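In the working numbering, the protein residues as written are 2 to 185.
We put the beta carbon where it would ideally sit given N, CA and C, even for glycine.
All values reported here derive from a predicted model rather than from experimental measurement.
One structure is given here, and the rest of the page talks about it.
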């Protein structure tokens, strides 16, 4: 299956005579990839009557509450205070990485003291999660990707059998670990 990159897609829309575009990114946050997508589409805007952009999943303060409410409906164990739920986000060097800490904070503010948010490539990292779990003392840990798709990071970095996977490392800490391989 051929999937167009941003430039190819924009050129195709022009060739096919589209007048207006609504571009809805599948990004979790307003980070480097969102900024890059906007920069790549900007030169093509003059070819359309209008171009509108949707926002990434976590853009406004209200979005955090909406996402937490949706996740809480989909993951019943969030209310099981003997189980820790650890969400693994991608993470980035972009300043927008603070989104993950804000999400963790918001989960706690909404009464989910057993929910922890970490990242593969940013902060909070697994060492921070381990310290938080030590204080929380759960009987079980459920790992869930906080990513649109449960792809390579979820299958390998989170749920893999390698020594450096989150599952393996948390099992070494003595936790019973369950992995949910389902994207947002």
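So residue i is in the alpha helix (DSSP H); what residue range does that whole segment cover?
i: residue 134; result: 127-137
i: residue 7; result: 7-16
i: residue 171; result: 167-173
Could you check if residue i is buried or exposed, using at least 16 other CB atoms within 10 Å of its CB as the buried criterion?
i: residue 51; result: exposed
i: residue 168; result: buried
i: residue 145; result: buried
i: residue 1; result: Past the boundaries of the shown model lies residue 1; the chain is included only from 2 to 185, so the question cannot be answered.
i: residue 77; result: exposed
i: residue 106; result: exposed
Could you please give the first and the last residue of the uninterrupted beta strand (DSSP E) stretch that includes residue i?
i: residue 117; result: 116-120
i: residue 178; result: 177-180
i: residue 88; result: 84-90
Which partner residues of residue i appear in the DSSP bridge assignment?
i: residue 58; result: Looking at the DSSP assignment, residue 58 forms no beta bridge with any residue, so it has no partner.
i: residue 143; result: 86 and 179
Keeping to the same chain, check which residues put their C-beta closer than 6 Å to that of residue i; ignore five residues upstream and five downstream.
i: residue 141; result: 84 and 177
Using C-beta distances below 7 Å, list every residue in its chain close to residue i, excluding the 5 sequence neighbours before and after it, in chain order.
i: residue 41; result: 7 and 8
Any chance the region 53-63 sits against the region 71-84, with 3 or more Cβ pairs inside 8 Å? no
Check whether the region 139-151 and the region 172-185 are in contact - that is, three or more C-beta pairs closer than 8 Å. yes
Do the region 114-126 and the region 36-51 meet, that is, are 3 or more Cβ pairs less than 8 Å apart? no
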